[in-house]
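Quick notes on the structure that follows.
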Amino acid sequence: MVGHRRVSVLILAVAGLATLNGCAPAPSSAEGGFGLPRLPAAEAEGIATDAERLEGALQVGPNGCFLFAVPGDSAAAAHGTWIVWPETAEQDGAAVVLADGTRLGDGDPLTGAGEVVGLEELPDGMSDSSYFGSFGRFCGADERRVLVLTSVTTG
């Protein structure tokens, strides 16, 4: 008798969760995982105070993270860093769409202005429960740092 009661409670709990989940809006096609990490211009410029011109390529990691690759120089400070984009960039699946409509995918040339900083420089970057803290750690920014882009063009 006790086993039947537990099964009934479990079925009701699952049904309740399914009902609640049905009320949540479905994510759009541009919202995969954490989405695209972006900062407003003023905030990015406040973090990347020594922004310099950088040339490389976009690398989409196996976990879906957008990274900056420096072809031929894997020892470069910016190589393999997680990218935080200007607020005008958008994600479309495994591509980044710039304000002018240019789509960047894995291996595409990327030129921009920015600075490589520690994860702690981002808003709440050291908090495991914050957006930048959790997303940054997921993308290895606690080890390989972060490239905060203030502007982006294609190479």
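Per my numbering, residue 4 is the first one in the sequence shown, and the count goes up by one each step.
A virtual CB, placed ideally from N, CA and C, is assigned to each residue, including glycine.
Apart from sequence neighbours up to five positions away, the residues of its chain that approach L42 with a beta-carbon distance below 6 Å are V87, ordered along the chain. When the Cα atoms are used, T91 and A102 turn out to be separated by approximately 5 Å. Straight-line spacing of the CA atoms in F69 and E55 works out to 20 Å. Short of 7 Å from the beta carbon of A60, and not among the five residues preceding or following it, lie these beta carbons of its own chain, in chain order: A72, P74, G110, D111, P112, L113. Secondary structure note for G49: its alpha helix (DSSP H) is the uninterrupted segment 44 to 50. Apart from sequence neighbours up to five positions away, the residues of its chain that approach G38 with a beta-carbon distance below 7 Å are Q94, ordered along the chain. With a 10 Å radius around the Cβ and a threshold of 16 neighbouring Cβ atoms, T84 comes out buried. By the neighbour-count definition (other C-beta atoms within 10 Å, threshold 16), A144 is a buried residue. A straight line joining the alpha-carbon of D131 with that of E46 spans about 21 Å. Minimum Cα-Cα distance from A80 among the listed residues V149, L122, M129 corresponds to V149.
Straight-line spacing of the CA atoms in S133 and D127 works out to 6 Å. Scanning L122, T157, F135 for the CA closest to the CA of R147 turns up L122.
Cα atoms of A51 and T156: separation of roughly 17 Å, rounded to the nearest angstrom.
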